[in-house]
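Numbering of the first sequence is given in our numbering, commencing with residue 20 and proceeding in unit increments.
To start, the structure itself, in structure tokens.
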Amino acid sequence: MSLRLYNTLTRRIETFQPLAPPRVTMYTCGPTVWNYAHIGNFRSFLFEDLLRRHLEASGYRVFHIMNLTDVDDRTIKAAAEGGKSLSEHTEPFVRAFFEDRDFLRIRPAHVYPRATTSIAAMVELITTLLEKGYAYIGEDGSVYFSIAKFPAYGRLSQLDKRELKVGARVSSDEYDKDDPRDFALWKAASPLDEQVGAAWDAPFGRGRPGWHIECSAMALSEIARFGVKTLDIHCGGVDNIFPHHEDEIAQSEAATGEPFARFWLHGEFLNIRGTKMSKRYGNILTVRDLKEEGVDPAAFRLLVFSTHYRQPLDYNDQALEAASEGVRRLGEFHERLSEVAGEAAGKEGPATGVVAARVPEAVGEFRRQFKEALDDDLNAPQAVAALFGLVREGNRELDRGAWGPEDAWVALAAFREAMDVLDLLPGEPEIDQEFRAWVEAKVAERQAARRVRDYGRADAIRDELRARGVELEDTPDGTRWRVQRGAGTRGAVQ
RNA sequence: GGCGCCGUAGCCAAGUGGUAAGGCAGAGGUCUGCAAAACCUCUAUUCGGCGGUUCGAAUCCGCCCGGCGCCUCCA
Numbered sequence: 020m021s022l023r024l025y026n027t028l029t030r031r032i033e034t035f036q037p038l039a040p041p042r043v044t045m046y047t048c049g050p051t052v053w054n055y056a057h058i059g060n061f062r063s064f065l066f067e068d069l070l071r072r073h074l075e076a077s078g079y080r081v082f083h084i085m086n087l088t089d090v091d092d093r094t095i096k097a098a099a100e101g102g103k104s105l106s107e108h109t110e111p112f113v114r115a116f117f118e119d120r121d122f123l124r125i126r127p128a129h130v131y132p133r134a135t136t137s138i139a140a141m142v143e144l145i146t147t148l149l150e151k152g153y154a155y156i157g158e159d160g161s162v163y164f165s166i167a168k169f170p171a172y173g174r175l176s177q178l179d180k181r182e183l184k185v186g187a188r189v190s191s192d193e194y195d196k197d198d199p200r201d202f203a204l205w206k207a208a209s210p211l212d213e214q215v216g217a218a219w220d221a222p223f224g225r226g227r228p229g230w231h232i233e234c235s236a237m238a239l240s241e242i243a244r245f246g247v248k249t250l251d252i253h254c255g256g257v258d259n260i261f262p263h264h265e266d267e268i269a270q271s272e273a274a275t276g277e278p279f280a281r282f283w284l285h286g287e288f289l290n291i292r293g294t295k296m297s298k299r300y301g302n303i304l305t306v307r308d309l310k311e312e313g314v315d316p317a318a319f320r321l322l323v324f325s326t327h328y329r330q331p332l333d334y335n336d337q338a339l340e341a342a343s344e345g346v347r348r349l350g351e352f353h354e355r356l357s358e359v360a361g362e363a364a365g366k367e368g369p370a371t372g373v374v375a376a377r378v379p380e381a382v383g384e385f386r387r388q389f390k391e392a393l394d395d396d397l398n399a400p401q402a403v404a405a406l407f408g409l410v411r412e413g414n415r416e417l418d419r420g421a422w423g424p425e426d427a428w429v430a431l432a433a434f435r436e437a438m439d440v441l442d443l444l445p446g447e448p449e450i451d452q453e454f455r456a457w458v459e460a461k462v463a464e465r466q467a468a469r470r471v472r473d474y475g476r477a478d479a480i481r482d483e484l485r486a487r488g489v490e491l492e493d494t495p496d497g498t499r500w501r502v503q504r505g506a507g508t509r510g511a512v513q
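As structure tokens, this is what we get:
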């Protein structure tokens with residue numbers, strides 16, 4: 020079966036078909052760099068990473084665009100409060116975002132256009148909309164999009180079924196608009212905008228871009244390189260459906276006369292104790308926080324992929340703990356396969372020709388299930404279940420010696436293919452030389468004690484190591500040890 | 001008020017008409033000097049509640065209870 024995805028536009032699961040295969044153009048709404056992105060933001064980016072990787076694994080050539088919103092109400096406000104210019108304020112957060120992205124092993128987009136460096140494209144788009152009569156200049160000097168001129172407005176968010184709550188959130192600049200629902204394409208410059216350097220000259224007046232226009236302008240100018248005006252996929256969080264994506268569609272399609280995106284995918288929220296993360300509730304958790312707690316990025320990935328992207332994910336320590344344990348198990352299995360396959364010995368493994376000759380049933384089954392799960396609207400939980408199925412059966416076969424190097428090699432290849440998409444192998448904890456030497460010495464000392472059957476001494480050493488976060492494993496080939504994540508692994512030990 | 005989502009074991013969670021995936025935790029066992037790792041077995045007669053449709057419902061319909069999101073710049 021081929022890839023099927025839930026399209027918010029039609030509220031149905033549809034067979035994915037790009038405009039011009041094998042190319043897939045994908046636009047994902049990026050962070051607003053007014054502050055650190057939180058793990059809720061990263062849940063969305065992770066779902067997009069999964070989509071991107073699965074598309075690539077399926078043979079598509081993905082062109083991934085992610086914008087950086089570096090000018091909006093919040094960035095301006097934050098810059099002003101810090102007595103900085105807009106770019107002085109946002110630049111560190113752009114860097115932080117890239118660091119966090121790399122930490123979580125999210126594949127970098129091909130381009131990261133920024134709003135502040137895409138003003139020309141926005142001005143051009145707004146000019147077109149003014150010329151075509153879809154936009155008008157309000158009394159305050161701002162440019163607005165007239166939704167009355169765009170009959171298809173509201174299709175994505177099913178606005179026709181909605182009624183605005185009476186008295187709910189009335190915009191302060193309502194008086195300048197023809198219709199309260201019209202939205203700003205260009206906001207006339209305010210003194211605050213000028214103060215932080217967030218104002219640009221344009222034929223229709225000095226000002227700054229409205230929120231939505233950046234995505235339309237940047238997406239369209241990026242895909243212009245392919246000579247198209249339609250994205251294959253546009254992603255974002257569910258909260259972006261309205262108004263953000265609705266407005267993007269209106270602007271873009273009014274200007275180009277062509278569909279803006281074929282598939283609209285929206286990821287659900289990551290909640291903490293059932294509530295969305297927000298400054299208001301004071302429940303923000305950043306990737307930096309995870310890092311400080313010694314959380315393995317793979318564990319966070321597994322946690323995220325344990326829930327379907329269209330379901331809310333409830334974050335808590337127990338769930339993260341479970342994911343962490345799962346990741347450890349995957350790592351152990353991978354290591355074991357690698358050893359049996361002969362990699363550790365520096366061998367290249369069995370000849371490739373032999374590989375195809377005999378594929379263990381469990382491996383073939385896994386491959387089929389894994390692909391089918393992801394093809395089914397990115398059912399990552401199901402894919403993860405298939406993965407653990409391979410781990411269980413693989414371990415069983417290895418335990419009873421039914422798998423030789425060739426089988427392990429085939430299994431290893433399949434396992435790595437899956438890791439190419441999910442990327443769940445535990446990271447190597449950093450262990451400094453001094454600590455390593457100390458552990459090695461202790462392990463040798465314990466081995467000596469065991470040889471003379473001084474088990475009291477051996478167990479005492481094991482307890483001592485365990486207290487430092489080192490777990491021992493006695494195997495026929497000797498004692499292996501590993502450090503638990505988050506344990507102190509630096510500095511001299513007496 | 002409108003639109004939408006959710007309620008499955010101690011925790012996380014798949015499954016949307018055919019008789020409850022997977023992970024973590026827990027219990028017992030195999031292995032081990034003991035452990036660890038791995039494997040095996042067990043752990044929801046039941047899917048918020050009550051009705052209905054159906055040969056058959058966690059899955060469809062209705063009502064109720066509980067939780068959440070969006071409704072103009074929040075992933």
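By construction, the Cβ of each residue, glycine as well, lies at the ideal position given by its N, Cα and C atoms.
Values in this document were obtained by computation on a predicted structure and should not be read as measured data.
Using only the alpha-carbon positions, how far apart do residue i and residue j sit?
{"i": "G372", "j": "V378", "result": "The pLDDT assigned to G372 is 46, lower than 50, so where the model puts this residue is not dependable; a value taken from the coordinates is nonetheless given after this. Cα to Cα, the separation comes out at about 12 Å."}
{"i": "H231", "j": "L444", "result": "38 Å"}
{"i": "F279", "j": "I268", "result": "6 Å"}
{"i": "E425", "j": "D119", "result": "38 Å"}
{"i": "T109", "j": "D91", "result": "11 Å"}
{"i": "L28", "j": "G173", "result": "10 Å"}
{"i": "G157", "j": "E241", "result": "30 Å"}
{"i": "V257", "j": "D493", "result": "50 Å"}
{"i": "R355", "j": "R114", "result": "37 Å"}
{"i": "A154", "j": "D195", "result": "13 Å"}
{"i": "L393", "j": "M438", "result": "13 Å"}
{"i": "W500", "j": "V489", "result": "7 Å"}
{"i": "E449", "j": "G286", "result": "33 Å"}
{"i": "R244", "j": "T44", "result": "11 Å"}
{"i": "I138", "j": "F117", "result": "23 Å"}
{"i": "L22", "j": "L178", "result": "29 Å"}
{"i": "A421", "j": "N86", "result": "51 Å"}
{"i": "R487", "j": "E453", "result": "14 Å"}
{"i": "V484", "j": "E233", "result": "Per the sequence shown, residue 484 should be read as Leu rather than Val. About 55 Å."}
{"i": "R292", "j": "P331", "result": "11 Å"}
{"i": "G255", "j": "L491", "result": "45 Å"}
{"i": "P369", "j": "A479", "result": "With a pLDDT of only 49 at P369, under 50, the local geometry of the prediction cannot be trusted, and the value read off the model is given with reservation. Each residue's alpha carbon lies about 43 Å from the other."}
Check this for me: beta carbons of residue i and residue j, under 8 Å apart or not?
{"i": "F385", "j": "G408", "result": "yes"}
{"i": "S235", "j": "D201", "result": "no"}
{"i": "Y334", "j": "N398", "result": "no"}
{"i": "R481", "j": "R470", "result": "no"}
{"i": "P316", "j": "L144", "result": "no"}
{"i": "L321", "j": "Q270", "result": "no"}
{"i": "F324", "j": "G413", "result": "no"}
{"i": "R307", "j": "Y474", "result": "no"}
{"i": "A318", "j": "V346", "result": "yes"}
{"i": "V440", "j": "R72", "result": "yes"}
{"i": "A273", "j": "F389", "result": "no"}
{"i": "A430", "j": "V382", "result": "yes"}
{"i": "R348", "j": "V403", "result": "no"}
Terminal residues of the continuous beta strand (DSSP E) containing residue i?
{"i": "T47", "result": "42-47"}
{"i": "H108", "result": "Not the beta strand (DSSP E): H108 falls in the alpha helix (DSSP H), residues 105-122."}
{"i": "D333", "result": "332-334"}
{"i": "K206", "result": "202-207"}
Only counting the same chain, and skipping five residues up and downstream in sequence, which positions put a Cβ closer than 6 Å to that of residue i?
{"i": "G25", "result": "At residue 25 the sequence reads Tyr, which differs from the Gly that was named. If we look at Y25 and ignore the five residues flanking it on each side, its Cβ neighbours are I32, D396."}
{"i": "E75", "result": "V81"}
{"i": "R476", "result": "A468"}
{"i": "V2", "result": "For the chain, the structure presents residues 20 to 513; residue 2 sits outside this window and is missing."}
{"i": "F112", "result": "V52"}
{"i": "D89", "result": "V52, T109, R133, A134, T135"}
Whose C-beta lies closer than 8 Å to the C-beta of residue i among residues of the same chain, with five residues either side of it excluded?
{"i": "L175", "result": "T27, L28, I260, F261, H264, E265, I268, W283"}
Apart from the five residues just before and just after residue i, which ones in its own chain have a Cβ nearer than 7 Å to its Cβ?
{"i": "I95", "result": "L105, L211, D212, V215, A217"}
{"i": "A238", "result": "Y46, I84, L250"}
{"i": "K206", "result": "S161, G226, R227, G229"}
{"i": "L65", "result": "L123, I125, R320, V323"}
State the start and end residues of the unbroken alpha helix (DSSP H) segment that holds residue i.
{"i": "L443", "result": "No alpha helix (DSSP H) contains L443, which DSSP labels as neither H nor E."}
{"i": "V314", "result": "It is not in any alpha helix (DSSP H) - V314 carries neither H nor E in the DSSP assignment."}
{"i": "F64", "result": "58-76"}
Got a sec: does the ligand ZN put a non-hydrogen atom nearer than 7 Å to the Cβ of residue i?
{"i": "D92", "result": "With respect to the ligand ZN, the structure shown offers nothing to examine, as it has no ligands at all."}
*Please determine if the segment 240-253 and the segment 212-224 are in contact, where contact requires at least 3 C-beta pairs separated by less than 8 Å.*
These segments do not touch.
*On the three-pair Cβ rule with 8 Å, is the segment 37-51 touching the segment 340-353?*
Result no; under three Cβ-Cβ pairs closer than 8 Å.
*asked:* With a threshold of 8 Å, are at least 3 pairs of Cβ atoms found where one atom belongs to the segment 96-112 and the other to the segment 140-156?
replied: By the Cβ rule, the segment 96-112 does not count as touching the segment 140-156, because fewer than three pairs are nearer than 8 Å.
*Okay, do the segment 52-59 and the segment 291-305 touch, 3+ Cβ pairs below 8 Å being the bar?*
The segment 52-59, when compared against the segment 291-305, does touch it at the 8 Å Cβ threshold.
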